[in-house]
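Numbering of the sequence shown is given in UniProt numbering, commencing with residue 1 and proceeding in unit increments.
Glycine included, every Cβ here is placed at the ideal spot set by N, Cα and C.
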Amino acid sequence: MWAHHSGPTCLFDARPEDLLPRIAADIQREFQSLPVNAGTVVAQPSPHTLRGAETNFYAEAAEQQFDVTMFGQQVHIVATPVQYTWDYGDGTVFGPQSSMGGPLPQDRWGEKTRTSYAYGATGDFQVVLTTTFQGTYSVNAGPPLPIPGQGQFSAPPQTISVWRSLTRNYADDCNANPQGQGCPGAAR
């Protein structure tokens, strides 16, 4: 028999399900599938550099936050970059290491840095940055909890063209002999 009830109804389960273990079990998979931006590769000088000269590479990567729903619960995820691996495109890989590098003033280009690299050959190389992120998550605005493991995300490749340079010494003074070898406008 059915009875008509006009007030609010509360359903009570004597043993409610604790969703935190289920969320914790799935959070690493969810973390890996987030659209985390690995950052960008910056090279100095760019887009051309010289064979044998130090090219300063550095990453521009930042902390990112995401809000997702898992099992009907609001989950806030924070991804923080912690390590960087550089694939310089010629078979050389450097990292993982904790330094993202940084820019140099133009008058210091060519100096060795933590993340610089000197190419031994000429050509076009695809430099790829892989950034490792650690994460935390909180459920329904609760305390942040660590995400087990880490997530690795790769930035789009940056093309760097490595050229060679030739240096020659000439005895002519272009002011005294404008047609001397090596002078602008002289026959080559």
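Of the residues the options, which one's Cα is nearest the Cα of residue i?
i	options	result
Thr92	Pro81, Gly149 and Ala121	Ala121
Ser138	Val68, Ile160, Glu54 and Ala53	Val68
Ala25	Cys183, Pro148, Val42 and Ala171	Pro148
Thr85	Leu166, Asn169 and Ser116	Ser116
Pro143	Ile77, Gly39 and Trp109	Ile77
Thr159	His48, Pro184 and Gln64	His48
Met100	Glu111, Lys112, Leu129 and Pro146	Leu129
Ser46	Leu34, Asp87, Trp109 and Cys183	Trp109
Look at the Cβ atom of residue i, then the Cβ atom of residue j, and state whether they are nearer than 7 Å.
i	j	result
Gly89	Gln126	yes
Val162	Gly123	yes
Ala62	Gly135	no
Ala141	Gly52	no
Val42	Phe133	no
Phe153	Thr167	no
Tyr170	Gln179	no
Leu104	Asn175	no
Gly95	Tyr58	no
Phe31	Gly151	yes
Ala38	Ala155	yes
residue 210	Arg22	Because the chain in this structure spans residues 1 to 188, residue 210 falls outside the shown range and cannot be described.
Give the range of the beta strand (DSSP E) segment to which residue i is assigned.
i	result
Ser154	Gly151 to Ser154
Ile160	Gln158 to Trp163
Phe66	Gln64 to Met70
Pro184	No beta strand (DSSP E) holds Pro184; DSSP gives it neither H nor E.
Say yes only if the C-beta of residue i is nearer than 6 Å to one or more non-hydrogen atoms of the ligand PLP, and no if none qualify.
i	result
Gly120	Annotation note on the ligand PLP: not contained in the displayed structure, which lists no ligands.
Ordered list of beta strand (DSSP E) runs contained in the region 20-52, each at least 3 residues: 40-44 and 48-50
Ignoring anything shorter than 3 residues, give me the beta strand (DSSP E) runs that lie fully in the region 92-178, in order along the chain. 93-97, 123-139, 151-154 and 158-163
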